[in-house]
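Numbering (this note's numbering), first residue to last: 89 to 1272.
Quick reminder that beta carbons are idealized off the backbone N, C-alpha and C, glycines included.
None of these values were measured; they are calculated from a predicted model.
Structure, as structure tokens:
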């Protein structure tokens, strides 16, 4: 029964959640109240940290439709819980799109509140609604969910798209606007059109931060130490904690303020709204609801919502959302033809949609008719609202290093429990009071689990963010910084990322009567080819300058033409409404643009309808992808050698654009032209020829890809460009090496009872590539010298979709070697990133922010090359090592010393704790994290798991090494002829309380601080802290050499000098402060020898023995290295048993697939073979 009450919301989306209903239970609340009083508030803290426990402890299960509280649980691996309260409101209908004409309607000041709602009347009185519905709803992460009695589930109303309205219906049913009654009703559901990013007060942030378990644990430790008279140590820990809480509050509040400034700009705009009774009024943009019709001024507007353009055209800057500051032309939603019957969707109909946060640079009016747009989404439901939500509520990143750190911390808790048990046994044997036993057990627990751990982790992230900020990198997801150092594969966009943004016109290749002429660089103005170049674009004039796509600017400028906006004079001159006029140089021709079909990435083309001055007919000019253009042309106008000519250019890396033209029938009027569909307009064209554009590779591209390949990081190209061009660029920049084969996977969907198939074509190079960047030799280790030439798959977006859908098992193997993905749509880029993540790749994505928003957001580390800080991506280019293990090791050293001292009823003194745990530890942690990353990427990645064999070996070796020398010093001092036990020292001195200081607990138990064991262990352990820090402060290959980190070097030198000074040149005043016993000078020299021996052994263990283990058992045992001898293969098998899962498979799926692939003799497929879907193993191929 309980299972049936679980509901799923956002099914199939990234934020999919399970919903559990609860209602208050009186007797449970009474029990929780009593338990809270008896526990002194500890139970309340526990329920505060665990919302699911709080709800279950105070409520009982109920159906979600009757619940007053809901528990939400994410369906991902993290299974995170959230608690929300269900609210109730009354409204005339159950959905915002119900008809309300027969209902009494709420006033303009109506608002929601829990329980039965009365709505304020305009005169300040309350009007009770008649025939109202009781609606249950809740809000989570700025999205409101409403209970649907019909479906017995929660649903959201994101906007007008919820009604599944067609493009034609937008004109017929929604172009007149809303009445005031309907607007007020819809505002009940959609609320205000604003993104309310509230900046929490410092007090609220402080309370939330202080109630964090780590800081509460730290506060408990400080109180415990203060009670035991460790005043100096506890005071300093309190100061450090307050400083870091303050720093944390500063950065959190700064983040909220920056985000609020990002969204506040659209919240206070005045807009003109058209009402259904043909009235026009000005209102604040916060009052807009889906269904409102707004009039756009000619001088532009900052769009406050997502709106579908009904009539007119707009030139829009969408850099806030895409990161690309290229003006985009928007046209009205189609009112006739096939497209008018399509269901309107903001993603599919981007060219008709004005997105919130974009700026309308210019809107075009015709004959005094206003440019209107229909509001479809408001507030957080808009495109910009989803961006803000992704920043406010980022999807948690499951970082293996953090998981392992938590496991390591659990081990420390177990160790602390054993230490506490040891302390209890020792205290009972020594006859210590019960209260003192409790204090000792708590002390040793606090020593094993370091309270300063969150401080150390925060320090590393703060320094990492500062370093990235100095390099101009903006980070909105700090928790992903460490992930950036673990990337296995990086996907690159081509245009604007690997290559320059701008294109240069290399030449033109005209076609006449189905035959290509000689390629040239001269453009003759009195030709249809030149007319197409001059008119087929979406350029506008802003402040006397051409604005628009850089490619359009280059092509238009090559004709030498002039562009001006159309006006009433031109309309009379051309006998048609003209949006723009193009004049050829020397007045050799003039054209008026009467209609435009903007570029569509799905159709891969754009077109315009123009009329030449003095002509009675209209002309259609079209440009786009050459293959698409050729398919739309009459066959006899396309040269027979079209395919060969196109490949000649694309294989040399040129970007090629096809042009076409058609003269329309003279009898067609302007109105008839406006009513033609796009398919009717763009048909039966004459092929004009090709424009050849040169896209140069950026100077830094080859070097960066070379570094990544040397670091054994896969690089992929994901582009919307032609496959041939993409392969050429991949070879030129070194992504595909010299001599490596390229296999094109040309997949076809199932048709005519034939299954889906893949044709494997081996790429034939038309010439030899001589780029030096492809010749990568690794003579230093020789691992690549004996490898056979590799192979790479190349695929188009169409084939990618077929393989992903019809070849699921082969698809995973295909991804292991696929390098070039061409003609990919933005959605397909996101699907590719998700597919790589599904086989356990840690994926990075680098793009220019234009068509890469989804993939940048999906990747583990998204790097946007946009100059705007508000890009949807989280750019990361460097990583920092996690230094928490150093903190843990130092605390372990302290833990071991305290355990030994407890055996003789002793402990460390207040100043000793202060020196070691405050000064030394803090300085070492902060200065160590200042060391930046190494200038070159290492061939192996940093350890992805803290609990991996090499890392654990290093930690355990150092722990046992420290224990060995501490035990040796502790027992060796007891063998000296001058040695006296602490009790003997106390009994022999009548004034021992002054000569040998005591720390006295409230229970009266005495710890004899000044004794020979304490002094010996203090000197040895203090140097061990320093030695361990230096040993783990490694430089290459992941960070710069330690000696270049001057702050860390000076800190270590200063600490070492001070310790040597107080040990070899004792000063009574200093020894009295630090409660150090006076020992013979010979023993001090002996301690120095012990310390030096420990240092030598530590360095030998870490730099010789363990580094050898790293080489014998590589960190990437199933990577791309070629094992050339039996020793390496044996070590491979041994290492695999240590790091692979219990089932015998590698931890990561792609590594397992790589090993399986090596065993398959029929992979890669043979040239010209075909693989059909439907076969059980998907591998049987036929030769053509």
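{"Check": "Alpha-carbon spacing of residue 68 relative to residue 884, whole angstroms", "Outcome": "This structure leaves residue 68 out entirely; the chain is present only between 89 and 1272."}
{"Check": "Beta-carbon proximity list for residue 104, same chain, < 6 angstroms, skipping 5 on both sides", "Outcome": "98 and 163"}
{"Check": "Option in 471, 461, 458 and 404 with minimal Cα separation from residue 435", "Outcome": "471"}
{"Check": "Given 8 angstroms, three or more beta-carbon pairs between the segment 355 to 369 and the segment 413 to 431", "Outcome": "no"}
{"Check": "Exposure of residue 814, with buried meaning 16 or more beta-carbon neighbours within 10 Å", "Outcome": "buried"}
{"Check": "Integer-rounded CB distance, given that residue 927 should sit under 8 angstroms from residue 1238", "Outcome": "4 angstroms"}
{"Check": "C-beta contact flag for residue 617 and residue 777 at 8 angstroms", "Outcome": "yes"}
{"Check": "Closest Cα partner of residue 1002 within the set 846, 1152, 934 and 1162", "Outcome": "1162"}
{"Check": "Residue 593 to residue 767 span [Cα, whole Å]", "Outcome": "30 angstroms"}
{"Check": "Identity of the residue in 123, 397 and 1070 nearest residue 458 by Cα", "Outcome": "397"}
{"Check": "Beta carbon of residue 254 nearer than 8 angstroms to that of residue 432", "Outcome": "yes"}
{"Check": "When 717, 749, 498 and 735 are compared against residue 698, the one with the closest alpha-carbon", "Outcome": "749"}
{"Check": "Nearest-angstrom Cα separation, counted from residue 718 out to residue 726", "Outcome": "7 angstroms"}
{"Check": "Cβ pair count under 8 angstroms reaching 3, the segment 834 to 846 against the segment 604 to 620", "Outcome": "no"}
{"Check": "Buried versus exposed call for residue 349 [16 or more other C-beta atoms within 10 Å across all chains shown]", "Outcome": "exposed"}
{"Check": "Cβ-heavy atom distance, residue 370 to the ligand ZN, below 7 angstroms", "Outcome": "The ligand ZN is not part of this structure, which contains no ligands at all."}
{"Check": "As assigned by DSSP and simplified to three states, the class of residue 581", "Outcome": "coil"}
{"Check": "Length of the line joining the Cα atoms of residue 744 and residue 607", "Outcome": "13 angstroms"}
{"Check": "Status (buried if at least 16 other CB within 10 Å, exposed otherwise) for residue 911", "Outcome": "buried"}
{"Check": "Burial state of residue 763 (16 or more Cβ within 10 Å)", "Outcome": "exposed"}
{"Check": "Length of the line joining the Cα atoms of residue 229 and residue 160", "Outcome": "12 angstroms"}
{"Check": "Residues near residue 199 in its chain [Cβ-Cβ closer than 7 angstroms; skip 5 each side]", "Outcome": "Bear in mind that the predicted position of residue 199 carries a pLDDT of just 36, short of 50, making it too unreliable to give a figure here."}
{"Check": "Own chain partners of residue 1103 with C-beta closer than 8 angstroms, once the 5 adjacent residues on each side are dropped", "Outcome": "1164, 1165 and 1167"}
{"Check": "Run of the beta strand (DSSP E) containing residue 404, from where it starts to where it stops", "Outcome": "401 to 405"}
{"Check": "Same chain, Cβ closer than 6 angstroms to residue 274, neighbours up to 5 away in sequence not counted", "Outcome": "184 and 377"}
{"Check": "Which of helix, strand or coil DSSP assigns to residue 682", "Outcome": "strand"}
{"Check": "Contact check, residue 467 vs residue 265, beta carbons under 8 angstroms", "Outcome": "no"}
{"Check": "Residue span of the beta strand (DSSP E) that contains residue 306, given as start and end", "Outcome": "Looking at the DSSP string, residue 306 is not in any beta strand (DSSP E); the run it does join, the alpha helix (DSSP H), is 301 to 315."}
{"Check": "Span separating the alpha-carbon of residue 527 from that of residue 514", "Outcome": "13 angstroms"}
{"Check": "Unbroken stretches of the beta strand (DSSP E), 3 residues or longer, contained in the segment 782 to 860", "Outcome": "802 to 806, 829 to 836 and 845 to 850"}
{"Check": "Residue 177, buried or exposed, once every other Cβ within 10 Å from all chains shown has been counted against 16", "Outcome": "buried"}
{"Check": "Residue range of the unbroken beta strand (DSSP E) whose run includes residue 376", "Outcome": "Unbroken run through residue 376: none, as it is neither H nor E."}
{"Check": "Complete alpha helix (DSSP H) runs within the segment 736 to 766 (minimum length 4 residues, chain order)", "Outcome": "758 to 763"}
{"Check": "Residue 893: first and last residue of the uninterrupted beta strand (DSSP E) it sits in", "Outcome": "Here residue 893 belongs to no beta strand (DSSP E); instead the alpha helix (DSSP H) covers 885 to 894."}
{"Check": "Cα-Cα separation between residue 240 and residue 153, rounded to whole angstroms", "Outcome": "7 angstroms"}
{"Check": "Cβ neighbours of residue 1049 in the same chain (closer than 7 angstroms, five flanking residues each side left out)", "Outcome": "1182, 1185, 1186 and 1189"}
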